[in-house]
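Residue numbers (the working numbering): 204 to 517. Don't be surprised by glycine CBs; every beta carbon is placed ideally from N, CA and C. Below: one structure, written as structure tokens.
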């Protein structure tokens, strides 16, 4: 016992001694974690939070990007102009039609494709990869590609229609078809997103439920309505929320395909903000537009998430 005590004594004394001069003390776990997280947090603040706060400040001024003097404080005047503008109401209706048409069409097609792929045993991976290719392309590339495809004179789509005996259609230059064409192009690119999430939900459905249904001689429609759809529905609703948010702030396809035309038939809110900020140089008003769009998305998302929570509890 005495030998052990005498041997451990120098170790205890060395541990209690302060660090040698000129040697930095070891960082604690909290300090080390803070040192690793700080660069990412500073980047996040600089790239996301600061521009949002700066836009919030500009929305209360009449600042213009082309002016050399700072803007004057105007209070809620920009917000009042935005909320009472007939142009904004028209663009809001156009945006709502685009979001509703695109999301509904993508949800129906995406879930249908995922359901058909999930029933296959061979070639499932190859089919999934092929369907995911449009989603991997840049929206600008997709817009340019479909702009040539839907050209009224030299487009491939009209060439196929003429070869079948139909009249050519001015897809992007008529008010009746421009918004519909925009919805179709967005659907072509983003249906794989819904398909991928739906396919993940379909593959996660327990097999024993289908086995029990087959033992009871349940029909295919009964299995789909009472097993497949209820199990996949919550996951599908989350995908719908993400796609609705993305479609609400759609800008790339509108800019490349139609530039808001013909007239203003395809001018969404995001494209209208671009025109106010970078063509009209009304930076304060455009900032108010952006802040209001953020508020609308946050409020609608909160109501949607509450619905999802009630659905989950039920």
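- If you keep only unbroken beta strand (DSSP E) runs of at least 3 residues inside the region 367-419, you get nothing at all.
- In the displayed model, residue 264 falls within a strand according to three-state DSSP.
- Taken through DSSP and simplified to helix, strand or coil, residue 276 comes out as strand.
- Rounded to the nearest angstrom, the Cβ distance from residue 293 to residue 479 is 14 Å, too far for a contact under 8 Å.
- Ranked by Cα distance from residue 443, the first of 252, 297 and 302 is 302.
- One Cα belongs to residue 322, the other to residue 335, and the distance between them is close to 18 Å.
- No Cβ-Cβ contact shorter than 9 Å links residue 473 with residue 446.
- Scanning its chain for C-beta atoms nearer than 7 Å, with the 5 sequence neighbours on each side dropped, one finds around residue 457 the residues 385, 463, 469, 471 and 474, in chain order.
- With a 10 Å radius around the Cβ and a threshold of 16 neighbouring Cβ atoms, residue 275 comes out exposed.
- Cβ-Cβ separation between residue 395 and residue 337: approximately 6 Å, consistent with a contact (criterion under 8 Å).
- The count of Cβ pairs closer than 8 Å, one atom from the region 403-421 and one from the region 501-513, stays below three, leaving the stretches out of contact.
- Residue 390 is classed as buried because its beta carbon has at least 16 other beta carbons within 10 Å across all chains shown.
- Here residue 455 is near residue 342, since their CB atoms are less than 9 Å apart.
- In the three-state scheme derived from DSSP, where H, G and I count as helix and E and B as strand, residue 465 is classed as coil.
- Taking every protein chain shown into account, the CB of residue 309 has 16 or more other CB atoms within 10 angstroms, so this residue is buried.
- Burial is judged here by how many other beta carbons sit within 10 angstroms of a residue's own beta carbon; residue 244 has fewer than 16 and is exposed.
- Only residues of its own chain outside the window of five on either side were considered, and among them 484 and 486 have a CB closer than 6 Å to the CB of residue 267, listed in chain order.
- Its Cα nearest to that of residue 315, the residue 427 stands out among 507, 427 and 514.
- DSSP, reduced to helix, strand and coil, places residue 340 outside both helices and strands of the structure shown, so it counts as coil.
- The alpha carbon of residue 351 has as its nearest neighbour, out of 407, 459 and 450, the alpha carbon of 459.
- Counting only residues of its own chain and dropping the five nearest sequence neighbours on each side, residue 507 has a CB closer than 7 Å to the CB of 444.
- Rounded to the nearest angstrom, the gap between the Cα atoms of residue 491 and residue 381 is 28 Å.
- Collapsing the DSSP output to three states places residue 470 in coil.
- The beta carbon of residue 448 sits closer than 8 Å to those of 500 and 504, all from its chain and outside the five residues before and after it, given in chain order.
- Nearest to residue 392 by C-alpha distance, out of 373, 344, 326 and 295, is 344.
- Where residue 496 is concerned, the enclosing alpha helix (DSSP H) starts and stops at 486-516.
- Excluding sequence positions up to five before and after residue 358, its CB lies within less than 7 Å of the CB of 351 and 352, all in the same chain and listed in chain order.
- Rounded to whole angstroms, the separation of the alpha carbons of residue 289 and residue 441 is 33 Å.
- Residue environment for residue 374: buried (at least 16 other C-beta atoms within 10 angstroms of its C-beta).
- In the three-state reduction of the DSSP assignment, residue 427 falls in the helix class, which pools H, G and I.
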